[in-house]
Each structure stands twice: as structure tokens, then as C-alpha cells.
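Residue numbers (this note's numbering): 19 to 522.
Note that CB positions come from ideal geometry on N, CA and C, so glycine has one too.
Printed below as a string of C-alpha cells:
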């Protein structure tokens, strides 16, 4: 299936149902709300709405979730600029220059540039998604168990090496996630394991309850602990926000927009790295290329442009491995995969042949979400700003009730609610002990992929590991995985040697 055919099928399937576009717009608005409020995330928004998509058609459900995804990543801009509190972790780097710009009375410029940069990054990654995904799907047909094993290990190696400053703790977190995923039915032999006599665990820990516990409940407990007694001071914007920033700002940020979009897309393709890492890497590259690097961190419009273009470009990049290989590119796409599976769809190369209408509709939904996001983000900017003033004592109980209702609605089991509460408590103590949550989540998601494919490869080769020598693609991926682990270690050792040679 070529690109033109895919888009034609997608346009027909998307617009043949008049309810799909309003649902997508609603998803973008809800995503912006979740991204705008500190402590809420795009992953939480997708998790909460996922149970509601059971009653929708596949195109309706996936379009709604994609809208929330795009809106949720973009919405973190408001808190980052106006309050120096990133609405999502994806907008952490935006605080570096967004807040100084707001203090200089240039909040409107920072917001308009941030929204424009989000559109540029999202559109760039959309073009890459539509162009590369079908070709990658054809190449993925030659992938076997060894290749999928190598891809899963590469995803784990990347997130372990980059998601945590302490690689040992990152590795421990990934292993904990893998062990959590091993509870339930053995994917190869079909026998139960690690259930400890609890029959509800025969099918493993419920994915939605586990993810919502780690994301929502764990984050709420952390926010409640650090909550201050005083209300944050907020000065509403006096300056009207234009849809397009000034041509001077665009020309000044041209390099930042391109670098952020390119790096964000490439890092999005790597499983499990995430928006915050992409923004940080792109920010450092643009700062090194700038003729005035001293301006970064003191209110530089380029800093906002590169951060927002990079974190939104990750969206389209992360959807590429999810759609073509069945491996989530980030945390939100792992939940999107759940949405596809719920509707009887299996992400991977065969989906491009068997479900061309779904694939094309996902392309169209992602493209339209970026256009809708620009309009809604600026038209409703004052509404989103007011949401920042909602007291946490009102907000968090409402979120907790929504989490409980959403979890219970999946299987109608009280046990799932206990898993939600247990995962949230565990995630709270885990993250506050210095461990990183992304390696744990990716271990939980990628662990079964690595295990089932590795055991299948071993069985098919009769236990002969030399069979791997005849799989050059798998060998290359394994080598890349090793490099991802070794490179941070070498860099750390060089820094220590440099410090030892130049003592104070």
C-alpha cells in the first residue's frame, strides 16, 4: 500500500462517519486541559478516556485518543510559561526561557511561539510518519523472533541509559517492571506463574489499573506531599495572543524549529526515550549552534521554540514503531496500543495490510489534531489559564474518583481497584526513593515482548544460539543496544578522570 492509497483510504474512512471529527476536537480540548493543569499528563488523559472507547468504533476511539495525546503534550506550555510549573514533564525545558520571557512582559509572545512551534514539530513528524511508516511496515515483514527480541532490548537499554542519572537504579527499575509483567499466564507454555494463589492474577496485573496507579495516583500523592499552604499568585495576561507569532520571532527561531523537529522525531522513534529527553537534547544542540548562547535561560524565544517543537515532534515519531513494529515509542503510545488491542487490532506490519482503513484514519487523525490544537489552544487560552487556579483539594479527589470508576468499568472487579491503589502507593515510594518511573513502565510494557520472542526464537532454533549469527539485522540492533549502555558509562568515566586531573 503506497502513501497516496493509504491517505485516500484514511480520508474516506475518517469522514464517512460525521461523529469522528467532533470526537477528535473534544479529545484535543480534553488533552489541552490535562496538559495545562500541573500534575496531570497526556498519559493520564488517555488512560481515563480509554474505557469509554469500548463503546465506540475503532476509528472513533483511536481518533479521540490521538487528539488527547496531541493536546496533552501541547497543553503543558501554559503552566511552564505562566507559573514556571510545567503542566507535563514534556514541558520542563520550556520553563528555562518561557518563565523569564513572562517576567519580562512577553508571556503572549512566548505562548504564541510555543503553540506555533508545537504545530511545526507535530506537522514535521506527521510527514515523517506518513512517509516512513508504510515503508517500515514492509521491511518489518522480514522481522522474526530474534529481531523483535533485539528491538525490545534496545528499547530497554535506551530508557535505562537516558531516563535516570543513576544507571544502576534505572536497571533495577526496568527489572522490577519486567517481574511485574511476568505475573499471570506464561505466554509460551500457557501455565500460570507468580500468582501466589490469587486467581484474579491468572491473566496478570490489569494493565489499565497498573498504569493509572503509577501515573495518576502516584503523581497525586507526590503533589499532595509537596503542596504549599499558600495559593500561587497569578497575573492574567493583558496582551492579546495572536495565532501566528511575529515574523521576527519566526526568523530568529528558524534553526531552533528545524533542529527541534528533527531531533524530536528521531528520538520519538527510539522506544521509551520520551519528550523531556528529546527537548533537553534539542535545547543543548540549538544552544551550541547559537551565536548568543548566553541568552538561553534568560528569556530567549528560541529556547521556547526548540523545546515545544521537539516534544511535539516526538508524538509522530513514537507512533512509527507502535504502528509498524508493535513496540510503543513512549508511555502514551503504550496506552494507545491498548486501545487498538481492545478493538481487536494487532499493531504491526500486518495491520497495514489487514486494516488499511484504520491505518489511514490514524494518519488523518494525527494530522488534523495538530491543526485543531493550534486553533483551540489560542482561542481558549484564557479558559485554560483559569484552570490553573483550581485548588488541589478539589481537583485531586475528582481525579481519584474518575480513576476508580474508569478502572472498575473495564472488568467490573473490585480487585482492579485494589491494584490501582497498590500500584499508586508503590509508585509513590518507588519514585521518592530516587528511582525513575519510565524504566519501570517500559520494563512492564516491553518485558513480555522480549520474553515471548526470545523463548520462541530459542525453541525454533532448538536451543542453538548460533542461529543468531544468521540474523544480521538482529545482530546490528543488539550492538546498538550495547552501545546505548556503554556510552553513558564511558562519558561518566571521562568526567571523573577530567576532575581528578584538575582538582580544585
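| Item | Value |
| --- | --- |
| Tell me the DSSP secondary structure of residue 24 in three-state form. | helix |
| When burial is assigned at 16 or more other CB atoms within 10 Å of the CB, is residue 388 buried or exposed? | buried |
| By alpha-carbon positions, which one of 398, 218, 497 and 175 ends up nearest to residue 431? | 218 |
| Candidates 516, 67 and 478: which alpha carbon is nearest residue 87's? | 67 |
| Identify, in the order they occur along the chain, each residue of the same chain with its Cβ nearer than 6 Å to the Cβ of residue 472, setting aside the five sequence neighbours on each side. | 167 |
| For residue 117, tell me which candidate among 492, 109 and 98 has the shortest Cα-Cα distance. | 98 |
| Starting from the Cα of residue 93, find the closest Cα among 78, 75, 274 and 112 and give me that residue. | 112 |
| Between residue 317 and the rest of its own chain, which residues show a CB-CB distance below 8 Å, the 5 nearest in sequence each way excluded? | 115, 118, 119, 121, 122 and 124 |
| Under a three-way DSSP split, which group does residue 452 fall into? | coil |
| Determine the direct distance from the alpha carbon of residue 201 to that of residue 220, and round the result to whole angstroms. | 8 Å |
| With a cut-off of 8 Å on the beta carbons, I'd call residue 296 and residue 281 a contact; round off their distance for me. | 6 Å |
| Taking the straight line between their C-alpha atoms, what separation do you get for residue 150 and residue 85? | 21 Å |
| Which residue wins for smallest C-alpha separation from residue 356, given the options 51, 53 and 76? | 76 |
| If you compare alpha carbons, which of 69, 501, 273 and 312 is closest to residue 328? | 273 |
| When you compare the CB positions of residue 331 and residue 142, do they come within less than 8 Å of one another, or not? | yes |
| Taking only three categories from DSSP, how would you classify residue 514? | helix |
| Would the region 23 to 36 and the region 363 to 379 be scored as touching if the rule is three or more Cβ pairs under 8 Å? | yes |
| Below 8 Å on the Cβ atoms is my contact criterion, and I expect residue 275 with residue 138 to pass it. Report the Cβ-Cβ distance as a whole number of Å. | 5 Å |
| Assign residue 366 to one of three DSSP states: helix, strand, or coil. | coil |
| Going by the DSSP bridge assignment, what does residue 210 pair with across the sheet? | 203 |
| Is it buried or exposed, residue 348, if we count other Cβ atoms within 10 angstroms and call 16 or more buried? | buried |
| So, residue 195 versus residue 460, is the Cβ gap smaller than 8 Å? | yes |
| I'd like to know whether the C-beta atoms of residue 82 and residue 42 end up nearer to each other than 8 Å. | yes |
| Use the C-beta contact count for residue 415: other C-beta atoms within 10 angstroms, 16 or more gives buried, fewer gives exposed. | exposed |
| Can you tell me which of 484, 368, 239 and 338 puts its alpha carbon nearest to the alpha carbon of residue 450? | 239 |
| Just verifying my parser: in three-state terms, what is the DSSP assignment at residue 139? | helix |
| Give the straight-line distance between the Cα atoms of residue 470 and residue 365, rounded to the nearest whole angstrom. | 16 Å |
| Mapping DSSP to helix, strand and coil, what is residue 481? | coil |
| Taking C-alpha atoms, which residue in 487, 51, 170 and 383 lies nearest to residue 37? | 383 |
| Report the residue from 500, 463 and 230 whose alpha carbon sits nearest the alpha carbon of residue 426. | 230 |
| Note down the Cα distance separating residue 485 from residue 467, rounded to an integer number of angstroms. | 19 Å |
| Please return the same chain residues whose Cβ sits closer than 6 Å to the Cβ of residue 254, not counting the five positions on each side in sequence. | Confidence at residue 254 is low in this model, with a pLDDT of 42, below 50, so its placement is unreliable and the value that follows should be read with caution. So the list is empty, once near-sequence residues are dropped. |
| In the DSSP assignment, find the alpha helix (DSSP H) that holds residue 55 and state where it starts and stops. | It is not in any alpha helix (DSSP H) - residue 55 carries neither H nor E in the DSSP assignment. |
| Please return the same chain residues whose Cβ sits closer than 6 Å to the Cβ of residue 257, not counting the five positions on each side in sequence. | Note that residue 257 scores 48 on pLDDT, short of 50, meaning its location in the model is unreliable; the coordinates nonetheless yield the value given after this. Around residue 257: 126. |
| Which word fits residue 312, buried or exposed, when buried means at least 16 other C-beta atoms lie within 10 angstroms of its C-beta? | exposed |
| Excluding five sequence neighbours on each side, which residues of the same chain lie with their C-beta closer than 7 Å to the C-beta of residue 247? | Its pLDDT being 40, under 50, residue 247 is placed unreliably in this model, and the value from its coordinates should be taken loosely. For residue 247, where only same-chain residues beyond five positions count, there are no Cβ hits under 7 Å. |
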